[in-house]
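Report on the following structure.
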Amino acid sequence: MAKDAGFKVVAHMMPDLPNVGLERDLEQFKEYFENPAFRSDGLKIYPTLVIRGTGLYELWRTGKYKNYTPNVLVDVVARILALVPPWTRVYRVQRDIPLPLVTSRCENSGNLRELALNRMKDFGAECRDVRYREVVIHEIHHKVRPESVELLRRDYAANGWWKTFLSYEDPEQDILIGLLRHGSAPRRVSSSLSLYGRKAQREGRVSSVNSMYMVPRCQYTGATPQSSNIKGLGRCSWKRRNE
Numbered sequence: 469m470a471k472d473a474g475f476k477v478v479a480h481m482m483p484d485l486p487n488v489g490l491e492r493d494l495e496q497f498k499e500y501f502e503n504p505a506f507r508s509d510g511l512k513i514y515p516t517l518v519i520r521g522t523g524l525y526e527l528w529r530t531g532k533y534k535n536y537t538p539n540v541l542v543d544v545v546a547r548i549l550a551l552v553p554p555w556t557r558v559y560r561v562q563r564d565i566p567l568p569l570v571t572s573r574c575e576n577s578g579n580l581r582e583l584a585l586n587r588m589k590d591f592g593a594e595c596r597d598v599r600y601r602e603v604v605i606h607e608i609h610h611k612v613r614p615e616s617v618e619l620l621r622r623d624y625a626a627n628g629w630w631k632t633f634l635s636y637e638d639p640e641q642d643i644l645i646g647l648l649r650h651g652s653a654p655r656r657v658s659s660s661l662s663l664y665g666r667k668a669q670r671e672g673r674v675s676s677v678n679s680m681y682m683v684p685r686c687q688y689t690g691a692t693p694q695s696s697n698i699k700g701l702g703r704c705s706w707k708r709r710n711e
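In our numbering, the protein residues as written are 469 to 711.
Right, here's the structure in full:
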């Protein structure tokens, strides 16, 4: 329903739930990324935390539940990140809850994403999610020249929609400069959307753009006005969305 109304959808998933286990955790994330019935636009990975006053706290207190050890959790998150397709953005790895409220958690949860990225190198995997590949992260160490940038197109099915992910990238360095996510529904949809107190009805085959942006230039000491700030690419990607 949210996608039919043109919204960007971000899923929240929790590894390390009771009675799930390592193998099922990895299988459910594999299913999430590969099954066209899912495949949301973004993802937040929230490993399970034990909070006082919850049913899970009682299981933990009586010894019926234990969190993954730090080493196991880092390995699990690393293997999850290795599954992420290049059109999905991983917004967060770990929920931001004040530590005094948390009874049990991974000891290294503060920099869990960083530890997982380092672990990926141990088994020869690369992280390809949108956030990790953005030029603002790589710009200090890897310069992108305008002539090396290409417009790439990736098509995939998701929730009954045909999605087109257009991106400007330096393919050799796997660095992303900008993107546009366009979706079209091959089936007929009917949706009601309320904006600012006004209702709009749509029925029939629809298409929408729920993401379009160019990654901003990183403002660090020594940056020049030309640093990875390639003008005009956003207009080009908008023109190509229906091709």
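All C-beta atoms in this analysis are idealised placements derived from N, C-alpha and C, irrespective of residue type, glycine included. All figures in this text were calculated on a predicted structure; none of them were measured in a lab.
As the crow flies, the alpha-carbon of G474 is around 27 Å from that of I643. Out of Y624, Y681, D484, the CA that lies nearest to the CA of P538 is found in D484. Per the DSSP secondary-structure output, T632 pairs in a beta bridge with D623, H650. Considering only W630, Y624, L619, the residue with the shortest C-alpha distance to I645 is L619.
Boundaries of the beta strand (DSSP E) around I513: 510-513.
For N586, the enclosing alpha helix (DSSP H) begins and ends at 580-590. Secondary structure at D564: coil, using DSSP grouped into helix, strand and coil. In the three-state reduction of the DSSP assignment, N535 falls in the coil class, being assigned neither a helical nor a strand state. When DSSP states are grouped into helix, strand and coil, E526 belongs to the helix group.
Counting along the chain, no alpha helix (DSSP H) covers V477, and no H or E run does either.
By the criterion of at least three beta-carbon pairs nearer than 8 Å, the stretch 499-516 is in contact with the stretch 545-564.
Annotated as distal: V683 and E594, with beta-carbon spacing of 8 Å or more. In this structure, W630 keeps its C-beta atom at 8 Å or more from the C-beta atom of S572. The straight-line gap separating the alpha-carbon atoms of G592 and D509 is approximately 26 Å. For V570, the enclosing beta strand (DSSP E) stretches over residues 570-572. Around the C-beta of N535, 16 or more other C-beta atoms lie within 10 Å, and the residue is accordingly described as buried. The continuous beta strand (DSSP E) containing V677 extends over residues 675-682. D597 counts as buried, since at least 16 other C-beta atoms from the protein chains shown sit within 10 angstroms of its C-beta. The Cβ neighbour count for L585, taken over all protein chains shown within 10 Å, is at least 16; the residue is labelled buried. In this structure, F633 is the residue among F633, R492, I605, N503 with its C-alpha nearest to the C-alpha of M680.
Excluding residues up to 5 positions away in sequence, T571 lie with their Cβ nearer than 6 Å to the Cβ of R520 in the same chain.
DSSP places R507 in the coil class of the three-state scheme, outside both helix and strand. With a 10 Å radius around the Cβ and a threshold of 16 neighbouring Cβ atoms, T556 comes out buried.
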